[in-house]
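*Asks:* Below is a structure I'd like to ask you about.
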Amino acid sequence: MDSIYLNPDHEVLQEQVARFIAREVEPHALAWEEAGMVPREVLRRMGGAGLLGLMYAPEYGGAGADALTNLVFAEALSQSTFGGFIITVLVHTDMASPHLHHAGNPEQLRRWMPGITRGEIITAVGVTEPGAGSDVAGLRTTARREGDSWVINGSKLFITNGVHADLYFIAARTGTARHEISIFAVEKGTP
2 MDSIYLNPDH EVLQEQVARF IAREVEPHAL AWEEAGMVPR EVLRRMGGAG
52 LLGLMYAPEY GGAGADALTN LVFAEALSQS TFGGFIITVL VHTDMASPHL
102 HHAGNPEQLR RWMPGITRGE IITAVGVTEP GAGSDVAGLR TTARREGDSW
152 VINGSKLFIT NGVHADLYFI AARTGTARHE ISIFAVEKGT P
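Converting from the sequence shown to our numbering requires adding 1 to each position, the first position being numbered 1.
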């Protein structure tokens with residue numbers, strides 16, 4: 002071990018990720034980079050290997066791991082020299098799906114988390130907007146309640162994983178006050 006913080010389980014994880022990258026990523030990554038897209042199937046294979054949602058509860062297919070284990074996972078991914086692959090995975094595991102993990106209700110967790118950890122449901126986050134970039138304070142997308150539903154109006158761009166995503170976490174203003182911003186879980190194909 003190179004660190005006083007890492008334990009044998011972390012080393013096993015590092016080795017597992019390295020083997021996955023060597024077998025499933027390196028032989029194909031140049032073609033993915035040229036195509037400008039990582040195939041969604043690679044996330045399904047990662048999920049099948051138990052590599053997605055490490056910090057999520059076992060009841061949803063996660064490992065119930067701690068933050069250090071998740072950090073070890075991210076560091077192990079960085080051993081690949083293919084940034085598109087790394088970002089695709091980390092947006093799914095560390096930027097998009099945590100919104101559901103931390104704020105989803107029990108029904109939403111049961112409905113989506115198992116598919117997320119298996120790599121069957123791909124997630125993306127929509128914050129960046131024309132004219133505002135990723136400045137959340139500058140969001141122009143709005144959401145207003147209509148009966149039991151919310152109507153979201155606005156534009157997003159640069160949505161990593163957006164091409165493949167099945168579930169989007171969209172930031173929108175729900176009022177005029179500065180802090181009135183919410184994240185909405187929006188399934189692909191929602192009108």
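Using N, Cα and C, we set each Cβ at its ideal position, and we do this for glycine too.
So residue 111 and residue 62 are in contact, right, with Cβ under 8 Å, and what is the actual spacing, rounded?
*Replies:* Incorrect: roughly 11 Å between the Cβ atoms, too far for contact.
*Asks:* Look at the alpha carbon of residue 190 and the alpha carbon of residue 76, and state the distance between them as a whole number of angstroms.
*Replies:* When rounded, the distance between both Cα atoms is 34 Å.
*Asks:* Could you name the residues of the same chain whose beta carbon sits closer than 6 Å to that of residue 160, not counting the 5 residues immediately before and after it, in chain order?
*Replies:* Cβ within range, chain order: 125 and 127.
*Asks:* Just how far apart, CA to CA, sit residue 89 and residue 103?
*Replies:* Taking the straight line joining both Cα atoms gives about 20 Å.
*Asks:* Can you check which of these residues, 99, 178 and 146, is closest to residue 56 by C-alpha distance?
*Replies:* The residue with the shortest Cα to Cα distance from residue 56 is 99.
*Asks:* Check whether the segment 69–88 and the segment 18–36 are in contact - that is, three or more C-beta pairs closer than 8 Å.
*Replies:* Taking 8 Å as the limit for Cβ pairs, the verdict is that the segment 18–36 does touch the segment 69–88.
*Asks:* Are the beta-carbon atoms of residue 1 and residue 141 separated by less than 8 Å?
*Replies:* The structure shown does not extend to residue 1, since the chain spans only 2 to 192, so no value can be given for it.
*Asks:* Between the Cα of residue 92 and those of 174, 35, 169 and 5, spot the shortest distance and give me the residue it belongs to.
*Replies:* Of 174, 35, 169 and 5, the residue nearest in Cα terms is 169.
*Asks:* Would you identify the three-state DSSP class for residue 84, choosing helix, strand or coil?
*Replies:* Correct three-state label for residue 84: helix.
*Asks:* Residue range of the alpha helix (DSSP H) that residue 98 falls in?
*Replies:* Element bounds for residue 98: 98–104.
*Asks:* On the DSSP bridge list, what partners appear for residue 154?
*Replies:* Bridge partners of residue 154: 143.
*Asks:* Taking the CB atoms as reference points, tell me whether residue 41 and residue 123 lie closer together than 8 Å.
*Replies:* Going by C-beta atoms, residue 41 is nearer than 8 Å to residue 123.
*Asks:* Please report the distance separating the alpha-carbon of residue 139 from that of residue 54.
*Replies:* Cα-Cα distance, rounded: 31 Å.
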